[in-house]
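Chains as they are written, first to last, in the numbering used here: chain A, 1 to 291; chain B, 292 to 570; chain C, 571 to 1013. In this text, a Cβ means the ideal position worked out from N, Cα and C, and glycines have one as well.
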Amino acid sequence: MDYRHKLLPYVLLLPAIIGIAVFSFYPFIINVINSFMAGTTQAGNLRFVGFDNYRYVLRDRILIKSLVNTVNWTFTVTIFQFLVGFGLALFCTSKLKIMKLVKPLYILPWAIPGVVATLAWRWMYNGDYGIINSMLFQLGLIKANIGWISNPSLAMMSVIIVGVWKGFPFYLLMTFAGLQTIPGELFEAAKIDGANQRQSFWHITLPQMKVVLTMALTLGFIWTSNYYDGIYALTGGGPARSTETLPIYIYNTAFSYYRMNDAVIPSIILFIFAASLGAVYLKLKTKGDEL
Amino acid sequence: MSQYSALKKVSSSLKTLIAATIALVVIFPVAWIILTSLKDPQMMFRIPATIFPENIYIGNYFSVMRMSKFLRYFLNSVIITFFASMLNLTIATLAAFSCSRFKFKGKNIFLACVILTQIMPAATMLIPIYKMWVDLSMINTYSALIITQSVILIPLALWMLVGFFQSIPKEIDEAAIIDGCSPLMVLYYILLRLARPAILASAIYVSMNVWQEFMISMTLTTSDSMRPLMVGLYSFIGERTTNWGPLMAAAVLTTIPIICFVGFTQNQFTHGLGGAVKG
Amino acid sequence: MKKVLLIVLVCVLLMSTLLACGNDTTTTTTAQNGQTTTEAEGEKETVTFWLPGTVPASPDEETESYKNMMLMFDKIRDDLNIVLDFEMITFAAYDDRCNTALSANTGPDILMVNSVTLGAFVDKGFVMETTDLMENSSIQKDDFFPGLFKHVDFNGKVFGLPLDTGTRALIYNKDMLSENGFEFGKEVTWDEMYDAAVASTQDTDNDGITDVFGYGFLGGESWMNLYEGIGMFAIQNQAQFFNDDLTEAQFTSPEVIEAVEFVAKMNEAGVFPQDAATLTDGDFVSDMFVSGKIAMFTGGHWALDYVLEKEPDFEVGVALAKNKQIGSSTGGWCLNLAAKAEDEIAELAWSVVEYVFVPENLILFTNIMPATIEANALAMQDSRYDLYKEVLPFSTHPITINKDLPEIAKMLRDEMQSILLGEVSVEEGMQRLNDDVNTLISR
């Protein structure tokens, strides 16, 4: 390769590198440094305290609880979002006229501003004047009002439902676009060879979609684990902290309790955890790379 | 043969029914938001709750429209979203091209870093970023908002685009290079065309994220005239209570542009690879 | 290579156009460079004032208090010959904005700080100590209700001034109560409250579901839980959540336990509406009250106003609950100077503060009860507010102002939820809370 080609990939990458370095890594490093400090410059008592903050945060029993909640939330929501989104995408590839009408509707939950949608759901979930209980009651399905977001055992499930509702269109769009890139000839050839729908699906659709699917799921897992807005608006992490996930824990520590220096510590742990996952992912990816 | 077509008809009708039912369930909360926005204040807290308002009440919409800065908020949202998506897509497409078509040292590390940025909690990043813009004296400027919002979404767009670029067979590249194209020409003439659905999907996703964004916009603006629509929405949430009627109306108004945008562009998704391979 | 250059060029052009047309010319200059600048308008100093609220959407939506506040600002501009930039920030984002700005050494010169966040702001050095400025000032410590002045007094060092306050009282449905055979006097004991609440909780349409509740308890939001919930009862039972020098939590003291047990007792009797433990919407309770679905609740005078405006078809009564004493919690805002304000600006800012505290101005500025004795006597002349004023000397902030207040309030809320939802017993819950809080404050 000539000189131009050697530099070209880096040149193309440069704006992205600069952007990410400045807006993601730089703040993160500042936060990490601060996690070893206490006090503020304004109060004149900024000082190095070593691992003191770490000792305090890692002993917090609420931290463990929020980790558990986070794992529960992340896996359940992502998987269901994916199943619903992918399923509907397959549906939408059918040539029926109704699909054209219905597809924009499926994307709707995603288009509504996040916090408003979740506030609306919160109202719908309300035990006394929520529409869900009201309808269930009028249909004779329940006798007493259900505490969707006031009952600690139900709250997580209710929040998950909203999470799936809000996020599945992402998978719908991604997989749908992916499905479109599969050459039609492959299916025709398979049909000629006598394959039925299911075999086509397993042996053509899925392998062709492998890249898209892995990418969507990886991203999905990571974003879902980091999701804060909606849960906070729905339950604030309650009741009795049953829906408090790590991002909420972090947000509260930083902005509700004003313990900025402590806030980043859980995320550092998460960071290390995800970095290891990322390393695994890369190992798998390099194996699969054809270039 | 007639059995087959009858079966097909039933299957089609069933599919239609299922599709329609799912659609109804999915849009129910959305429909509810719209219906609530049409309820007058008395109707809001009825027990048992009613779905449909007794009388259609458009007062809520007037409250929102009369917000003296409403048009300005709208304009700001449009400007910020448009430029942020453009900037984001430019940077991300170039980077995605680089990552999917070249082998170079550090590529895997770069990609790993990209994933890692998604794990960092956004809330804690805000203050250092804020300080940075203050030092540059660029607080409350469109540039600060646009740059921040677009860069924050680079990992997202990059990831989507890399995946799609990779799924386009490299034979096409090689064919073009044999014909005498430089790599950039390959990018411009071939890849961009072929990956159009993916690029559009990314554009939509990025735009929607920017349109709905609140925290960055709130933090980096100090005057009302620079704020986007979402921040304006928050003014309906008061110290003790939430002004539901106008809030729902505002929600509807902020969503309509997105819906139009998605509606217009969704046709692009149906372009397949078939034509390109043939030609 | 050409193409690369072209793309780079386009990007650069894009950026430069944005940079050029980015800035809005009406921004407050203080926010841009973190320092107050001398305005070009003839050598006047600029003082920036931040307060929470919403700017009215249009001139016809301006409330009286907003108009009066604008008039007051104009007067300040004229009398002190300064440029006064004020910014109204929506409540939901107010604390975050202040925190972010002040930690970057930018933002306002004067700001309203809620008493619950004041502790944290003082600890971080965001607000200025005003003990010296107060020495020869027109406002003095004795002008304030002692319980309120404590909010800004940190071991003798004064940080700002308390601006307003709000007490709470028991608001009840006279007609409903008398139908059930109860009549409240000016003071109501806990036992009377309990009995009346139990009697009022009924299933009026015989469908097996209670639809009228005795007491509207709000346990979902940490502040309402504190001020209108457990905080009220604690004060009425002469309970103290902390010892005097804030070194030890006292959530397991007998008085506190009694107060919590009282709430738990009412919960078990079913007098709270469904979801009470997680309810956060204050207006909801008021609305239920107006529709006759709740017999009584604890609310500030704003809740009373809200209820009376809806013109309910029953008579509304106000009473002061007591166990060992009558008492109420008080919250409120304070007016502070930012620590970063430099000497001249600080003095100007203090003049603005003094201006705000002139009794007539203070009444216009606050739309709950002003914190100075003089202004308070003048404000709210309507007799419906009598009890709210009467309980003021018996009112304090349930948790002494300190830097961990928001967190402690949340922990208290969470523990109350656990108790009311039956996850732990009162003793266990309070012990757990006590341990957690002690760990927190002993860092």
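Within chain A, partners of residue i - CB distance below 7 Å
i	result
residue 696(C)	42
residue 727(C)	Residues of chain A passing the Cβ test: none, with the nearest at roughly 13 Å.
residue 301(B)	Residues of chain A passing the Cβ test: none, with the nearest at roughly 13 Å.
DSSP beta-bridge partners of residue i
i	result
residue 655(C)	618(C)
residue 41(A)	BP columns for residue 41(A) are empty, so no partner.
residue 870(C)	738(C)
residue 549(C)	This structure cannot settle anything about residue 549(C), because the visible part of chain C is limited to 571 through 1013.
residue 903(C)	684(C)
residue 785(C)	866(C)
residue 954(C)	Answer by DSSP bridge pairing: none, since residue 954(C) is not bridged.
residue 898(C)	965(C)
residue 980(C)	DSSP, once it has assigned bridges, lists no residue as partnering residue 980(C).
residue 939(C)	735(C)
residue 1014(C)	Any answer about residue 1014(C) is impossible in this case: the structure gives chain C only from 571 up to 1013.
residue 728(C)	723(C)
Member of the options whose CA lies at the smallest distance from the CA of residue i
i	options	result
residue 776(C)	143(A), 172(A) and 33(A)	143(A)
residue 412(B)	276(A), 282(A), 252(A) and 103(A)	252(A)
residue 384(B)	452(B), 440(B), 446(B) and 404(B)	452(B)
residue 78(A)	161(A), 268(A) and 104(A)	161(A)
residue 361(B)	496(B), 527(B) and 458(B)	527(B)
residue 512(B)	364(B), 449(B), 378(B) and 494(B)	364(B)
residue 1014(C)	977(C), 946(C) and 920(C)	Nothing about residue 1014(C) can be reported from this structure: the residues present for chain C run from 571 to 1013 only.
residue 388(B)	229(A), 12(A) and 232(A)	12(A)
residue 189(A)	178(A), 99(A) and 203(A)	203(A)
residue 115(A)	662(C), 785(C) and 936(C)	662(C)
residue 1008(C)	863(C), 939(C), 625(C) and 974(C)	974(C)
residue 464(B)	409(B), 392(B) and 406(B)	392(B)
residue 678(C)	749(C), 655(C), 615(C) and 817(C)	655(C)
Beta-carbon neighbours of residue i, restricted to chain B and to distances below 9 Å
i	result
residue 545(C)	The first residue shown for chain C is 571 and the last is 1013, placing residue 545(C) beyond what the model contains.
Contact set between residue i and chain B, taken where Cβ atoms lie within less than 8 Å
i	result
residue 767(C)	Here the premise fails: no neighbours, minimum Cβ distance about 20 Å.
residue 657(C)	513 and 514
residue 264(A)	412 and 415
residue 670(C)	417, 418, 421 and 510
Enclosing alpha helix (DSSP H) for residue i [first to last residue]
i	result
residue 408(B)	398 to 408
residue 889(C)	No alpha helix (DSSP H) contains residue 889(C), which is instead part of the beta strand (DSSP E) from 886 to 892.
residue 677(C)	Unbroken run through residue 677(C): none, as it is neither H nor E.
residue 914(C)	913 to 926
residue 702(C)	701 to 705
residue 1001(C)	996 to 1011
residue 809(C)	No alpha helix (DSSP H) holds residue 809(C); DSSP gives it neither H nor E.
residue 641(C)	634 to 650
residue 22(A)	From DSSP, residue 22(A) is part of no alpha helix (DSSP H); its letter is neither H nor E.
residue 748(C)	744 to 749
Contacts that residue i makes with chain B (C-beta to C-beta distance below 7 Å)
i	result
residue 12(A)	385, 386, 388 and 389
residue 286(A)	399
Contact list for residue i against chain C, beta-carbon separation under 8 Å
i	result
residue 240(A)	984, 987, 988, 991 and 993
residue 509(B)	663, 666 and 667
Unbroken beta strand (DSSP E) run spanning residue i, endpoints
i	result
residue 758(C)	757 to 759
Residues that residue i contacts on chain A, provided the C-beta gap is smaller than 9 Å
i	result
residue 977(C)	252, 253, 256, 257, 258 and 259
residue 778(C)	143 and 144
Test: residue i CB closer than 8 Å to a CB of chain E
i	result
residue 525(B)	Among the protein chains in the structure shown, which are A, B and C, there is no chain E.
Chain A residues whose Cβ lies nearer than 8 Å to that of residue i
i	result
residue 435(B)	Per Cβ cutoff of 8 Å: no residues; residue 435(B) is ~11 Å from chain A at best.
residue 848(C)	147, 149, 150, 235, 238 and 239
Cross-chain neighbours of residue i in chain C, by beta carbon under 7 Å
i	result
residue 29(A)	Those do not exist, as residue 29(A) stays about 17 Å from chain C at its closest Cβ, beyond 7 Å.
>> With a threshold of 8 Å, are at least 3 pairs of Cβ atoms found where one atom belongs to the stretch 947 to 960 of chain C and the other to the stretch 695 to 711 of chain C?
In response: no
> Quick one: any contact between the stretch 736 to 751 of chain C and the stretch 880 to 890 of chain C, if contact means 3 or more CB pairs under 8 Å?
Replying inline: yes
> Given 8 Å as the limit, is there contact between the stretch 230 to 243 of chain A and the stretch 195 to 212 of chain A, that is, 3 or more CB pairs closer than that?
Replying inline: no
>> Is it the case that the stretch 163 to 173 of chain A contacts the stretch 419 to 438 of chain B, given that we only count it when at least three CB pairs across the two stretches are under 8 Å?
In response: no
> Contact between the stretch 798 to 814 of chain C and the stretch 894 to 904 of chain C: three or more CB pairs below 8 Å?
Replying inline: yes
>> Across the stretch 988 to 998 of chain C and the stretch 915 to 934 of chain C, are there enough close Cβ pairs to call them in contact, namely three or more that are closer than 8 Å?
In response: no
> Do the stretch 396 to 414 of chain B and the stretch 256 to 273 of chain A make contact, defined as three or more Cβ pairs closer than 8 Å?
Replying inline: yes
>> Check whether the stretch 838 to 849 of chain C and the stretch 754 to 763 of chain C are in contact - that is, three or more C-beta pairs closer than 8 Å.
In response: no
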